[in-house]
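Notes to accompany the following structure.
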Amino acid sequence: MMAPVPLMEPVSREQIFQSDDWLYQVKWDGIRMQAYLNQGKVELFNRKLRRRTDQYPEIVQSLMDFPMNSGIVDGEVIAMEDRRPNFYKVLKRELYGKGKGLSSMMYDIPVYYVVFDLLSIDGTSLLNTPLEERLEKLKNVFSGKEFNTVQMCESFPDGKELWKATEEKGWEGIVMKERHGRYHPGKKHPTWLKIKHFKTLTATAVGALRRGEVVQSLLLGIREKNHWRYIGRAGSGLNEEERMLLTQFVPLLCQKDPSVINPPRNDRVTWLRPTLPVDIRYLEWTPEGTLRSPTIMGFRMPPKR
Numbered sequence: 001m002m003a004p005v006p007l008m009e010p011v012s013r014e015q016i017f018q019s020d021d022w023l024y025q026v027k028w029d030g031i032r033m034q035a036y037l038n039q040g041k042v043e044l045f046n047r048k049l050r051r052r053t054d055q056y057p058e059i060v061q062s063l064m065d066f067p068m069n070s071g072i073v074d075g076e077v078i079a080m081e082d083r084r085p086n087f088y089k090v091l092k093r094e095l096y097g098k099g100k101g102l103s104s105m106m107y108d109i110p111v112y113y114v115v116f117d118l119l120s121i122d123g124t125s126l127l128n129t130p131l132e133e134r135l136e137k138l139k140n141v142f143s144g145k146e147f148n149t150v151q152m153c154e155s156f157p158d159g160k161e162l163w164k165a166t167e168e169k170g171w172e173g174i175v176m177k178e179r180h181g182r183y184h185p186g187k188k189h190p191t192w193l194k195i196k197h198f199k200t201l202t203a204t205a206v207g208a209l210r211r212g213e214v215v216q217s218l219l220l221g222i223r224e225k226n227h228w229r230y231i232g233r234a235g236s237g238l239n240e241e242e243r244m245l246l247t248q249f250v251p252l253l254c255q256k257d258p259s260v261i262n263p264p265r266n267d268r269v270t271w272l273r274p275t276l277p278v279d280i281r282y283l284e285w286t287p288e289g290t291l292r293s294p295t296i297m298g299f300r301m302p303p304k305r
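When we follow UniProt numbering, the leftmost residue of the sequence shown carries the number 1, and every step to the right adds one.
Structure representation (structure tokens):
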């Protein structure tokens with residue numbers, strides 16, 4: 001039995017390309033998980049290789065029926081809502097842990113394990129085996145069998161069609177994988193590429209966070225009727241030149257009190273008059289009404305000294 005394997009991660013990409021040397025899978029919006037099977041015993045480990053066996057007993061039970069003496073599979077634990085993966089629901093399961101309320105949590109938030117790779121089987125490492133061969137062996141594991149809470153991730157030859165389908169469903173995106181690629185533990189590697197369906201909006205800078213004197217991120221707000229509402233903060237997307245320009249520009253907009261009706265608790269915030277529009281790319285709205293994974297794409301009014 002192999003020791004836990006650090007996870008291979010995909011490299012981000014803006015656009016898909018079509019090639020017979022690549023296959024295409026849904027990017028499942030959930031909790032990354034590896035399962036370790038050995039002589040009827042199952043252990044689950046998350047992205048940081050922390051044990052999560054007790055959090056998902058229904059998945060453990062299904063994996064115990066896998067037709068192998070030992071093995072390691074890689075995949076994603078998901079929770080569905082309205083026919084789409086809901087990251088915030090599965091996150092509740094991940095953070096809940098074990099306890100008296102777990103049975104109720106299992107009923108309220110059922111989860112599924114989508115397996116997309118096979119790293120070891122019956123004592124044989126497959127890390128250096130081409131992806132296509134790993135998937136064929138994984139397909140044999142699932143062949144003719146059904147597991148209540150575990151399913152194999154389907155691979156598609158047509159990336160553009162999958163991209164269109166996931167966009168129409170409101171799903172996160174897709175992952176492209178080189179058919180002959182090896183598994184590279186603990187690395188982001190370009191034989192896996194992820195492309196997400198992002199949305200855009202124009203927000204307004206209502207605050208800034210600085211490290212020393214240099215602006216590191218902006219607090220964002222949007223106008224709703226007669227008030228401003230805080231929707232999150234973003235620093236990703238800023239280059240060094242923009243940070244320095246903002247550092248010079250921010251003192252001209254400073255004010256004592258926040259403009260937003262729901263300011264976050266942070267004593268380090270420099271509050272700003274809401275006059276600087278910011279173009280933002282984001283993945284989705286969180287249940288709390290903030291942006292998930294916001295990135296600054298540009299300014300409608302470039303910061304000037």
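We put the beta carbon where it would ideally sit given N, CA and C, even for glycine.
It should be emphasised that the depicted structure is a prediction, and the values quoted were computed from it without experimental measurement.
| Query | Result |
| --- | --- |
| Same chain only: Cβ atoms within 6 Å of H197, ignoring 5 sequence neighbours per side | E167 and G173 |
| C-beta atoms of Y56 and Y107 nearer than 9 Å | no |
| DSSP three-state assignment for F147, whether helix, strand or coil | strand |
| Unbroken beta strand (DSSP E) run spanning S120, endpoints | Y112 to I121 |
| For L135 and L126, believed in contact at Cβ under 8 Å, the rounded distance | Contact flag wrong, Cβ pair sits at about 10 Å. |
| F299 and P277 closer than 9 Å at C-beta | yes |
| CA nearest to the CA of S236, picked from P157, L209 and N46 | L209 |
| Where R273 falls: helix, strand or coil (DSSP) | strand |
| Contact check, G186 vs T204, beta carbons under 9 Å | no |
| Short Cβ contact (9 Å threshold) for E284 with K199 | yes |
| Rounded straight-line distance, which links the Cα of Q216 to that of R229 | 21 Å |
| Cα-Cα separation, W271 to V111 | 41 Å |
| Whole-number beta carbon distance between D122 and N38, since they are thought to touch under 8 Å | With a Cβ gap of about 10 Å, N38 and D122 do not count as contacting. |
| Beta-carbon gap between R13 and K194 smaller than 9 Å | yes |
| Alpha-carbon spacing of A35 relative to V175, whole angstroms | 21 Å |
| Buried or exposed (CB count within 10 angstroms, at least 16 for buried), Q18 | exposed |
| Burial state of D20 (16 or more Cβ within 10 Å) | exposed |
| DSSP state of L220 mapped onto helix, strand, coil | strand |
| Length of the line joining the Cα atoms of P6 and D267 | 37 Å |
| CB contact flag (G181, L219, <9 Å) | no |
| Secondary structure of T204, DSSP reduced to three states | strand |
| Continuous beta strand (DSSP E) assignments of at least 3 residues falling wholly in the segment 251-296 | 269-282 |
| E241, buried or exposed, once every other Cβ within 10 Å from all chains shown has been counted against 16 | exposed |
| Identity of the residue in G170, T124 and P10 nearest I72 by Cα | T124 |
| Nearest-angstrom beta carbon gap, S259 and V206 [assumed within contact, 8 Å] | 5 Å |
| Residue range of the unbroken beta strand (DSSP E) whose run includes Y36 | I31 to N38 |
| Bounding residues of the beta strand (DSSP E) (the contiguous stretch that carries M244) | Careful: M244 lies outside any beta strand (DSSP E), inside the alpha helix (DSSP H) at E240 to F249. |
| Proximity below 9 Å, CB of P85 to CB of W171 | yes |
| L44 to V115 span [Cα, whole Å] | 13 Å |
| M1, DSSP secondary structure in three states | Because the pLDDT of M1 is 49, which lies under 50, any placement of that residue in the model is unreliable, and the number read from its coordinates should be weighed accordingly. Correct three-state label for M1: coil. |
| Cβ-based neighbour list, F87, same chain, cut-off 7 Å, excluding 5 preceding and 5 following | D29 and G30 |
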